[in-house]
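Residue numbers (the numbering used here): 229 to 624.
Beta carbons are placed, not taken as given, at the ideal position from N, Cα and C, and that holds for glycine.
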């Protein structure tokens, strides 16, 4: 998992620019003393060796482009320079540190902090909590953001558990582009979605997911000149759903999928998709509430297997994998010189991957969509998508 936080030129005289790098490094070191497992290295496929290796920290000067050029380029791949080489979305962290950070300085005085964390031992909620804790340490806020490290009591180890089948990677040439839904357009989509679906108060994640998926299916029909069945998988934070609820500060991969399949061309309607998404999520929530301690892990693995089997076992289905890290407070990550003007997810190598993150106001959503290059040229011209989005990240 990788994302970048963009900060404008520091005008806070209490933290001289010359001290920012030292502050970032020292506060990260202190934060890792609490998240001690993230200071180790991955051994094999299922073990973290707590070696106190720490995190890998890199500092660079970006001279070939300005911060505004990167921020306002809809092609997310240009941001790869903001991470250590080869790290974003790396499939293997074995024998390497689990957390990477790169502080990038621009000529304008702006800064971008790229953070990468191994998905082997953490999900988006955990990543958000680590970053917020790190920032709180940096500004000496006194906020109590200490993690709960009792994963083995909630997800007991299970022997003889085979990993889920993985969808085939076909080596497509993919591109990731950004689409921004601001608060006003999300409000419009909620009103339309509620009327067309009958769903009361659809969430911003639901309406954005439905519109992006609808546009993707329209592009697919234009691209292939026929309707092809497809599906959406959406990952959801398990912590608040189980009974009893897990504390929000629990450090885990604590997630479960819900999904919908579209096998009838007549179902490609905004309201229909919102209704299906809501019902699928409600079913997942009901299933989680009846789980007993110790069964959470088994149910999570089952949800992974169901989705992966659908993706890998059928040549007729296009699977769009959605993942949201909205509502985790990342737009408020302040290390002492102000909040970010933008937060962007790194470009993904996975075709049909859609990442959602809050905009810098915390009310809109920035969507990073990864598609086949030729497919993307059709998708981004979708009139309905264009009506409710822009491609710029910020007015900075």
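May I ask which residues mark the beginning and end of the beta strand (DSSP E) holding residue i?
{"i": "residue 459", "result": "458-465"}
{"i": "residue 285", "result": "284-290"}
At a cut-off of 7 Å, would you count residue i as near the ligand HEM, judging by its Cβ distance to the nearest heavy atom?
{"i": "residue 439", "result": "Only the bare structure without any ligand can be found here, which leaves the ligand HEM out of the picture."}
If we call anything under 8 Å between Cβ atoms a contact, is residue i one with residue j?
{"i": "residue 231", "j": "residue 571", "result": "yes"}
{"i": "residue 598", "j": "residue 404", "result": "yes"}
{"i": "residue 569", "j": "residue 234", "result": "yes"}
{"i": "residue 347", "j": "residue 259", "result": "no"}
{"i": "residue 548", "j": "residue 616", "result": "no"}
{"i": "residue 256", "j": "residue 564", "result": "no"}
{"i": "residue 266", "j": "residue 326", "result": "yes"}
{"i": "residue 482", "j": "residue 465", "result": "yes"}
{"i": "residue 580", "j": "residue 546", "result": "yes"}
{"i": "residue 502", "j": "residue 421", "result": "yes"}
{"i": "residue 499", "j": "residue 424", "result": "yes"}
{"i": "residue 612", "j": "residue 443", "result": "yes"}
{"i": "residue 363", "j": "residue 561", "result": "yes"}
Look up residue i in the DSSP assignment and give the residues it is bridged to.
{"i": "residue 488", "result": "460"}
{"i": "residue 583", "result": "551 and 596"}
{"i": "residue 328", "result": "284 and 344"}
{"i": "residue 369", "result": "Its beta-bridge partners do not exist; DSSP assigns none."}
{"i": "residue 570", "result": "234"}
{"i": "residue 406", "result": "596"}
{"i": "residue 483", "result": "465"}
{"i": "residue 545", "result": "DSSP, once it has assigned bridges, lists no residue as partnering residue 545."}
{"i": "residue 357", "result": "Partner(s): none; residue 357 has no beta bridge."}
{"i": "residue 559", "result": "DSSP, once it has assigned bridges, lists no residue as partnering residue 559."}
{"i": "residue 334", "result": "290"}
Just the C-alpha distance for residue i and residue j, rounded to the nearest angstrom, thanks.
{"i": "residue 246", "j": "residue 336", "result": "15 Å"}
{"i": "residue 302", "j": "residue 406", "result": "5 Å"}
{"i": "residue 610", "j": "residue 438", "result": "14 Å"}
{"i": "residue 456", "j": "residue 488", "result": "15 Å"}
{"i": "residue 417", "j": "residue 402", "result": "28 Å"}
{"i": "residue 237", "j": "residue 339", "result": "7 Å"}
{"i": "residue 555", "j": "residue 504", "result": "22 Å"}
{"i": "residue 595", "j": "residue 553", "result": "11 Å"}
{"i": "residue 592", "j": "residue 469", "result": "24 Å"}
{"i": "residue 324", "j": "residue 269", "result": "5 Å"}
{"i": "residue 509", "j": "residue 244", "result": "47 Å"}
{"i": "residue 515", "j": "residue 462", "result": "16 Å"}
{"i": "residue 392", "j": "residue 410", "result": "Reliability fails at residue 392, whose pLDDT of 48 lies under 50, so the model's placement of it is uncertain and no value is given."}
{"i": "residue 296", "j": "residue 494", "result": "42 Å"}
{"i": "residue 310", "j": "residue 328", "result": "11 Å"}
{"i": "residue 408", "j": "residue 586", "result": "10 Å"}
{"i": "residue 229", "j": "residue 343", "result": "8 Å"}
{"i": "residue 614", "j": "residue 608", "result": "7 Å"}
{"i": "residue 567", "j": "residue 559", "result": "7 Å"}
{"i": "residue 486", "j": "residue 291", "result": "44 Å"}
{"i": "residue 306", "j": "residue 298", "result": "7 Å"}
{"i": "residue 448", "j": "residue 427", "result": "27 Å"}
{"i": "residue 453", "j": "residue 351", "result": "38 Å"}
{"i": "residue 358", "j": "residue 492", "result": "43 Å"}
{"i": "residue 429", "j": "residue 473", "result": "24 Å"}
{"i": "residue 253", "j": "residue 574", "result": "22 Å"}
{"i": "residue 366", "j": "residue 262", "result": "14 Å"}
Locate the alpha helix (DSSP H) running through residue i, then write down its first and last residues.
{"i": "residue 450", "result": "432-452"}
{"i": "residue 611", "result": "611-616"}
{"i": "residue 258", "result": "245-262"}
{"i": "residue 295", "result": "295-299"}
Per DSSP, what kind of secondary structure is residue i in: helix, strand or coil?
{"i": "residue 599", "result": "strand"}
{"i": "residue 576", "result": "coil"}
{"i": "residue 594", "result": "strand"}
{"i": "residue 588", "result": "coil"}
{"i": "residue 427", "result": "coil"}
{"i": "residue 339", "result": "strand"}
{"i": "residue 504", "result": "helix"}
{"i": "residue 304", "result": "helix"}
{"i": "residue 401", "result": "coil"}
{"i": "residue 269", "result": "strand"}
{"i": "residue 455", "result": "coil"}
{"i": "residue 607", "result": "helix"}
{"i": "residue 472", "result": "coil"}
Taking CB distances under 8 Å as the criterion, tell me whether residue i reaches chain C.
{"i": "residue 546", "result": "Absent here is chain C; the protein component of the structure consists of one chain."}
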